[in-house]
Amino acid sequence: MSLPERPAVGQVVTVFRNRLRPEHEDAYRDELAVVADLAASMPGFVETKTFVADDGERCTVVTFADAASHAGWRDHPRHREAQRHGVADYYAEYSIAVGETSYASSHVHPGD
1 MSLPERPAVG QVVTVFRNRL RPEHEDAYRD ELAVVADLAA SMPGFVETKT
51 FVADDGERCT VVTFADAASH AGWRDHPRHR EAQRHGVADY YAEYSIAVGE
101 TSYASSHVHP GD
């Protein structure tokens, strides 16, 4: 098994933590499918992964190659629309942190 070429210095990583309002989970999932496909089609997109904790908190990590690529995604009209829906309807709570990678290291054990 090998990791994709990540992490890399200069990449922009977004960590988006949230809890959904139960009555809006279906609508959220429908919109997420559209927005995730859009993100993957954006120039400079590297990857996205979502993890769900036992207590229901979701954590999505989105990586773009550089600040310009991230800005393109951040400012995309359809992404902005989804953000408005999230605040108005989907999220009981959320937080977001965005940063540029200043140091990066990875390891794959030989034979794995």
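The sequence shown begins at 1 in UniProt numbering and counts up by one.
Virtual Cβ for every residue (Gly too), placed ideally from N, Cα, C.
Computed from a predicted structure; not experimentally measured.
Runs of alpha helix (DSSP H) with 4 or more residues, each lying fully within the stretch 18 to 104, are found at 25 to 41, 67 to 74 and 77 to 85, listed in chain order. Taking the Cα positions, V35 is about 7 Å away from R78. Residue burial annotation: A71 is exposed, with fewer than 16 other C-beta atoms found within 10 angstroms of its C-beta. Nearest Cα to V62 within the set V52, D89, A40 and G56: A40. Beta-bridge partners assigned by DSSP to V15: V61 and A97. A residue is called buried once 16 or more other Cβ atoms fall within 10 Å of its Cβ, and F64 is buried on that count. Taking the Cα positions, R19 is about 38 Å away from P110. Cβ contact annotation for W73 (same chain, cutoff 7 Å, sequence separation greater than five): A39, M42, F64 and H79, in chain order.
Contact check between the stretch 80 to 100 and the stretch 19 to 34: three or more CB pairs, one atom from each, fall below 8 Å, which counts as touching.
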